[in-house]
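Under our numbering, the first residue of the sequence shown is numbered 494, with each subsequent residue one higher.
Note sheet for the following structure.
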Amino acid sequence: MFVAVDPPEEARAHLERAVAPLRGLPGAPRWSDAQRWHLTLLFLGAVPREQVPRLANAAAAAVAAAPPLRLRLAGGGRFGSLRRPQVAWAGLAGDVAELTDLTARLAAAARSLDLPVEERPFRPHLTLGRWRPRQPADGRLTDRLADYRGPDWPVREVRLLESRPGPQPYDVVATWPVTTRTPWARPCSPGRARPAGPAGPRPA
Numbered sequence: 494m495f496v497a498v499d500p501p502e503e504a505r506a507h508l509e510r511a512v513a514p515l516r517g518l519p520g521a522p523r524w525s526d527a528q529r530w531h532l533t534l535l536f537l538g539a540v541p542r543e544q545v546p547r548l549a550n551a552a553a554a555a556v557a558a559a560p561p562l563r564l565r566l567a568g569g570g571r572f573g574s575l576r577r578p579q580v581a582w583a584g585l586a587g588d589v590a591e592l593t594d595l596t597a598r599l600a601a602a603a604r605s606l607d608l609p610v611e612e613r614p615f616r617p618h619l620t621l622g623r624w625r626p627r628q629p630a631d632g633r634l635t636d637r638l639a640d641y642r643g644p645d646w647p648v649r650e651v652r653l654l655e656s657r658p659g660p661q662p663y664d665v666v667a668t669w670p671v672t673t674r675t676p677w678a679r680p681c682s683p684g685r686a687r688p689a690g691p692a693g694p695r696p697a
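Below is the structure:
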């Protein structure tokens with residue numbers, strides 16, 4: 494499972510137009526589908542089913558403490574070296590400090606339930622694609638996104654998602670509005686949640 498924010502369709506489409514000229518170029522990464530783009534705030538892996546309601550309640554309180562947030566997708570870069578790039582990403586601008594505070598509260602909520610949480614610092618980004626090992630790779634491609642600036646947008650909600658195979662890659666387990674009011678969680682309709690299985694590739 495993981496906690497994420499989804500950019501609105503307008504922001505996705507704007508970024509997709511910027512990325513489109515890079516698709517198919519020699520040494521390009523394997524680009525992800527724009528409909529799967531999201532901003533991962535906290536990655537949890539497999540969560541025991543009996544812990545999910547407690548996690549939802551703890552995360553609801555963490556989100557409720559967040560102020561109104563506005564973000565924009567801006568800039569681009571890579572994880573990995575120039576010769577051996579690994580991940581192509583788009584960056585964030587706007588209320589990034591407040592978003593980082595939110596991720597810290599979410600991590601603390603997960604730790605309070607003894608769920609394993611990565612210790613590395615939060616690096617806000619949206620994953621655009623991944624380079625395959627031992628394949629030709631041009632790490633300079635993302636330099637063309639350095640001046641990219643997308644439209645700004647308000648963060649309306651934060652979601653708890655679970656990866657699964659198939660054409661619909663995620664189940665939505667719970668959602669929380671970004672508000673300063675009393676925390677609450679809106680669980681999905683019965684039947685949507687699936688048993689926690691082996692952790693798949695880390696979403697980003």
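Even glycine gets a Cβ: it sits at the ideal position worked out from N, Cα and C.
Query	Result
By DSSP, does Ser-605 sit in helix, in strand, or in coil?	helix
With DSSP collapsed to three states, give me the class of Glu-502.	helix
Roughly how many angstroms separate the alpha carbons of Trp-646 and Arg-547, rounded to a whole number?	30 Å
Which residue or residues does DSSP assign as beta-bridge partners of Asp-664?	Glu-655
Look at the alpha carbon of Ala-590 and the alpha carbon of Arg-598, and state the distance between them as a whole number of angstroms.	13 Å
For chain B, is any of its Cβ atoms less than 8 Å away from the one on Ala-567?	Absent here is chain B; the protein component of the structure consists of one chain.
Whose CA, out of Val-671, Ala-667, Arg-642, Asp-526, lies closest to the CA of Arg-565?	Arg-642
Using only the alpha-carbon positions, how far apart do Leu-515 and Ala-521 sit?	7 Å
Curious, which full-length beta strand (DSSP E) runs of at least 3 residues does the region 500-575 contain?	532-536, 563-573
Can you tell me where the beta strand (DSSP E) with Val-671 in it begins and where it stops?	Val-671 -> no beta strand (DSSP E), and no H or E assigned at all.
Going by C-alpha to C-alpha distance, which of Asp-640, Phe-536, Gln-528, Leu-518 sits closest to Phe-495?	Phe-536
Within 10 angstroms of its Cβ, does Ala-567 collect 16 or more other Cβ (buried), or is it exposed?	buried
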